[in-house]
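Residue numbers (the working numbering): 2 to 349. Heads up, the beta-carbon is just placed ideally off N, CA and C, and yes, glycines get one too. Values in this document were obtained by computation on a predicted structure and should not be read as measured data.
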């Protein structure tokens with residue numbers, strides 16, 4: 002076992018602090034990444050504070066990881082020392098079940114091994130995330146960082162990027178589609194950039210106009226304020242697709258009414274409480290309400306390649322690891338535009 006510097010939290014009530022963790026020695030199929038940058042996802046806050054339950058402590062968060070390969074196992078063929086690599090939300094799966102064989106490892110029937118707050122497939126060894134100097138991952142679960150991506154801003158593509166890219170691809174958003182993105186945060190701003198790059202006519206639906214200039218800069222053609230009841234009357238039956246990125250409580254029924262017949266609304270935000278859905282909100286126009294959960298390794302690589310080809314990057318604020326607790330509080334206040342990324346060179 003190798004001792005590695007990291008930032009960890011000892012309990013749901015503890016701040017993140019400098020710590021030492023143990024990483025396993027790399028096996029023949031493993032890649033060792035020296036972590037360069039790690040994005041901060043809102044789920045890091047939820048899990049570090051055990052807001053979803055079942056948290057494993059001590060916990061090292063971080064599942065948006067970009068690093069440089071320092072070692073490889075003898076069976077590794079796609080990476081060599083010195084190359085860039087990336088790791089997203091999970092680091093292993095059974096590799097044999099139907100979802101795994103169809104490149105949907107995130108839905109592994111035996112339970113995917115998440116990058117942190119989880120266990121390896123032995124169901125005993127805890128996993129630790131990217132708020133650390135180094136991580137050891139099987140080659141299959143390491144992504145290639147294509148030329149053209151800025152290394153310092155690429156990390157959020159491993160979660161925010163794939164989370165928004167996947168539903169846009171699954172529901173075939175294309176040139177001329179009228180698409181609404183609900184919320185303009187870490188997920189929403191990527192949804193706008195990606196949908197606009199696919200040729201959609203994008204509207205941002207937000208509670209206030211404070212981010213309207215940003216929305217238009219990212220590619221939105223329209224911006225509507227949802228606190229105005231007239232907005233929902235004006236836009237009734239207007240969109241073929243709605244990407245809902247909001248994790249605060251809100252009325253799904255009101256947004257479903259904005260869909261055209263046969264339109265789809267996809268949820269990628271996770272409000273803390275269940276939200277009731279009226280049958281007529283769906284039946285009235287043969288509308289569909291769906292959810293989307295990250296993506297498999299193949300689709301995550303596709304996301305990175307797509308963003309490199311279309312010069313799409315998250316909007317990031319780079320911070321040293323010593324400011325991670327402050328960053329958590331700022332995220333809760335929505336005081337970031339639009340994603341924090343930790344420069345791991347700051348961790349000694």
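In the three-state DSSP reduction, residue 325 falls in the helix class (H, G or I). In the three-state reduction of the DSSP assignment, residue 344 falls in the strand class. Per DSSP, residue 120 lies in no alpha helix (DSSP H) segment and is marked neither H nor E.
Taking every protein chain shown into account, the CB of residue 45 has 16 or more other CB atoms within 10 angstroms, so this residue is buried.
The secondary-structure analysis by DSSP pairs residue 138 across a beta bridge with 32. For residue 332, the secondary structure class from DSSP, reduced to helix, strand or coil, is helix.
Among the bridge pairs identified by DSSP, residue 21 is matched with 6.
If you check the CB distance, residue 206 and residue 257 do not come in under 8 Å. Shown here, residue 204 sits in a strand according to DSSP, grouped into three states. Under the three-state reduction of DSSP, residue 39 is assigned to strand. Note on geometry: alpha-carbon atoms of residue 37 and residue 345 lie some 5 Å from one another. Counting only runs of at least 3 residues, the segment 222–305 fully encloses the following beta strand (DSSP E) elements, listed from N- to C-terminal order: 223–226, 240–245, 260–268, 289–292. Remark: three or more beta-carbon pairs, one from each stretch, lie closer than 8 Å, so the segment 251–269 and the segment 277–296 are flagged as touching. 8 Å or more divides the Cβ of residue 117 from the Cβ of residue 343. Residue 31 is positioned such that its CB atom lies closer than 8 Å to that of residue 138. Note on geometry: alpha-carbon atoms of residue 123 and residue 57 lie some 16 Å from one another.
DSSP places residue 195 in the uninterrupted alpha helix (DSSP H) bounded by 187–198. Residue 108 sits in a helix when the DSSP states are folded into three classes. Residue 200 is positioned such that its CB atom lies no closer than 8 Å to that of residue 165.
Judged by DSSP in its simplified three-state form, residue 65 adopts coil rather than helix or strand. Distance from residue 141 to residue 298 at the Cβ level is roughly 7 Å; contact confirmed, criterion being Cβ atoms closer than 8 Å.
Within the DSSP bridge table, the entry for residue 127 names 120 as partners. Residue 318 has 341 as its beta-bridge partners, per DSSP. Taking one beta carbon from each stretch, the segment 304–311 and the segment 157–171 have 3 or more pairs nearer than 8 Å; the two touch.
Exposure of residue 19 is indicated by the presence of fewer than 16 other C-beta atoms within 10 angstroms of its C-beta.
Residue 72 has 33 as its beta-bridge partners, per DSSP. Residue burial is scored here from C-beta neighbours: residue 21 has fewer than 16 other C-beta atoms within 10 angstroms and is therefore classed as exposed.
Contact between the segment 173–184 and the segment 206–215 is present: three or more C-beta pairs spanning the two stretches fall below 8 Å. Around the beta carbon of residue 76, fewer than 16 other beta carbons lie within 10 angstroms, which makes this residue exposed.
Bounds of the beta strand (DSSP E) holding residue 183 are 179–183.
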